[in-house]
Structure formats: structure tokens, C-alpha cells
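Below is one structure; the comments refer to it alone.
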Amino acid sequence: KPNVARYTALLKKAYTAIKHADHSSVVLTGGLSPGYDAPDRTQIAPLTFVQGIYANGGRHSFDALAHHPSTYPYPSTYAGSWSAFQQSPLMYDVMRTHGDANKKVWATEIGFPTGTSNRAVGEQTQAKYLVESLRTWKAYPFAGPVFVYSMRDEGPNRADHYQNFGLVRTSGTPKPAFLALKAALLG
1 KPNVARYTAL LKKAYTAIKH ADHSSVVLTG GLSPGYDAPD RTQIAPLTFV
51 QGIYANGGRH SFDALAHHPS TYPYPSTYAG SWSAFQQSPL MYDVMRTHGD
101 ANKKVWATEI GFPTGTSNRA VGEQTQAKYL VESLRTWKAY PFAGPVFVYS
151 MRDEGPNRAD HYQNFGLVRT SGTPKPAFLA LKAALLG
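Each residue of the sequence shown is one higher than the last, beginning at 1 in my numbering.
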């Protein structure tokens, strides 16, 4: 079960050690994944976790917040209280409330799986959603770097959505998302 108090204690120690070894390094929090506040505490919503970091004295123990704003199979712009992408501004509001308006939120894992799973999208939709996500993220005042998950499919099983996040198929051929991302970055 996640424990924000224990995590924050570890974050504080790690931050001190990292900065002692290399003051110029950038220390991120652990990447917060989509989730909800489960009654049995087996998972904690990202927003609740960020509030907990501050409640446990973690303000001065990170340079940027790492967040996995995944929403698949829905677009990042889909409005829903469960949407990790839509929760990002709320997490930043917590940061700003605690005097950390200058810190950024890094989108450390964003992607949309293709394949035949009910959690997957079509390849054209993957391209559309990915570019839409990047444009939306870039417009946020707190936007840090974005890490696209993943470059290459991890396996040939199209029914397993975890194997099909790649911008490139296992054969090495690009999916439309690869070309759309390339065009967006160059354009």
C-alpha cells in the first residue's frame, strides 16, 4: 500500500544526498500514476498524494513534480474527475498554494496503446490523441518536459494493451503517431 509519509521521508533524504553529490541536478518526485483514493488504501489519487507530500514537510525536497497524466483509451482533453491529465492543474494549484509556483510538472509518461484491447485506440486515433495531448500540455503555465510512452511496441500480442504503446511497431515500421509527433515537433 502506498504510504505518503514514508515516501516523503525517503524523498527528503534522497534530495539532500543528491544535491550534496551534485547541486545542479534536478530532483523529481516519483512519477504519480492515475489512481483513486481506494477505501483499503491500496492506491492513492495523484492529487491526494501531492497534498500528502506537502502535509509531511516535503516542499523543499523536489525541484519538479513527476506525473503520468494517462487517460487511455480516452483523449487527454476528456473532462472527467478521474482523468489524471485533467487533475494536473489541480496538483499545480496545491504546489502554488504552498509557495511552489515556480516549479514545473513533468509529464513523465503519456501514451495511448493501439491494438484490439478494450483499453486500446486505433492507430490514427493514437496519433490524434498524442498530438492533442502535447499541445494541451504545452499551454499549461506549469508545463515541464513530456516523455512519450513508448517508442516501440513491446510485443506482438495486439490484445495486450501494455505491449502496444509504441510509436513504432515491433517490426520497426512507424505508426501514424510517430509521423504525427515528428511533424508536430518540427512544425
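C-beta: ideal position from N, C-alpha, C; glycine also.
Since the model is a prediction, treat every value here as computed from it, not as a measurement.
Lys182 to Gly57, Cα distance in whole Å?
41 Å
Same chain only: Cβ atoms within 8 Å of Pro174, ignoring 5 sequence neighbours per side
Leu167, Val168
Return the chain-ordered list of same chain residues with a C-beta closer than 7 Å to the C-beta of Arg41, the five sequence neighbours on each side being excluded.
Lys1
Starting from Ala177, follow the alpha helix (DSSP H) in both directions and report where the run begins and ends.
176–186
Sub-8 Å separation of Thr116 and Glu123 beta-carbons:
no
Assign Ser76 to one of two classes, buried (16 or more other C-beta atoms within 10 Å of its C-beta) or exposed (fewer than that).
buried
Where Lys148 and Asn164 are concerned, what is the direct C-alpha to C-alpha distance, given to the nearest angstrom?
Contrary to the premise, residue 148 reads as Val rather than Lys in this sequence. Going from the Cα of Val148 to the Cα of Asn164 covers about 13 Å.
Measure the C-alpha to C-alpha separation of Ala5 and Pro176 and round it to an integer number of angstroms.
43 Å
Gly144 in three-state terms, based on DSSP:
strand
Straight-line CA distance for Ile53 to Met95?
10 Å
Identified DSSP bridge partners for Gly131
A small fix is needed here, since residue 131 is Val in this sequence, not Gly. Looking at the DSSP assignment, Val131 forms no beta bridge with any residue, so it has no partner.
Is the Cβ of Tyr162 closer than 8 Å to any Cβ of chain B?
Absence of chain B from the displayed structure is noted, only one protein chain being present.
Going by beta carbon distance, what residues of the same chain come within less than 8 Å of Asp100, once the five residues before and after it are set aside?
Arg59
Which listed residue (Glu109, Leu179, Ala55) has its alpha carbon closest to that of Pro69:
Glu109
Label Lys13 either buried or exposed according to how many other C-beta atoms from any shown protein chain fall within 10 Å of its C-beta, with 16 as the threshold for buried.
exposed
Name the DSSP bridge partner or partners of Trp106?
Ala66
From Phe142, Gln126, Val146, Thr125, pick the residue whose C-alpha is nearest to that of Leu134; which is it?
Val146
Straight-line CA distance for Leu186 to Ala38?
42 Å
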